[in-house]
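In our numbering, the protein residues as written are 25 to 190.
The following block contains the structure:
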């Protein structure tokens, strides 16, 4: 399907016995074989075709997808700069409403430091979006190429800035 080898990662093959229970006893009934396969799909137009191939292969385990962007760090950094500019504009408005002028920033942090129940520093930026997961065979088989809409990806950042007043 045109996916390059560098965009495919697999785990080792796992082979395990399979059992059923009869009269509260384990009875062997075969073997299960599994492997995780991760695909880095660079052309989303191929998504329906790939999902259809998985379904037709009668994969019985969960098929899930995760949407990511190639330039996540760049987008997260851009969101952080915009959050900082927004914080300054809001602080300016608040200072003016109190008859003061905004001074220099005293401290700046991108960590979530103001939660009551969590004292760990956590970066509060990233790129998030919605993705499909757990596709069912009957849903995929309704059409030759199930439509795929990636949804909206959104870069978010949060900053905490303490400004001095003049």
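We treat Cβ as the ideally placed atom computed from N, Cα and C, and that holds for glycine.
Being a predicted model, the structure only gives us computed values, none of them experimental.
When the Cα atoms are used, residue 64 and residue 32 turn out to be separated by approximately 6 Å. C-alpha of residue 68 to C-alpha of residue 126: approximately 47 Å in a straight line. In terms of Cα proximity to residue 91, the closest of 188, 190, 177 is 177.
Between the C-alpha atoms of residue 128 and residue 112 there is a straight-line separation of about 10 Å. Residue state for residue 62 is assigned as strand, using DSSP reduced to three classes.
If you look at residue 82, you'll find it isn't in any beta strand (DSSP E); DSSP assigns it neither H nor E.
With three or more CB-CB distances shorter than 8 Å, the region 94-104 counts as touching the region 177-186. The beta carbons of residue 132 and residue 183 sit closer together than 8 Å. For residue 180, no alpha helix (DSSP H) segment is defined; the enclosing uninterrupted segment is the beta strand (DSSP E) at 177-181. The C-beta distance from residue 35 to residue 59 rounds to 6 Å, short enough to fall under 8 Å.
Residue 89 and residue 75 have their C-alpha atoms spaced approximately 10 Å apart. Exposed is the label assigned to residue 118, since fewer than 16 other Cβ atoms lie within 10 Å of its Cβ.
Per DSSP, residue 108 is one residue of the alpha helix (DSSP H) stretching across 96-121. Across the structure, residue 94 and residue 25 are spaced so that their CA atoms are roughly 21 Å apart. In this structure residue 134 is buried. Its beta-carbon is surrounded by 16 or more other beta-carbon atoms within 10 angstroms.
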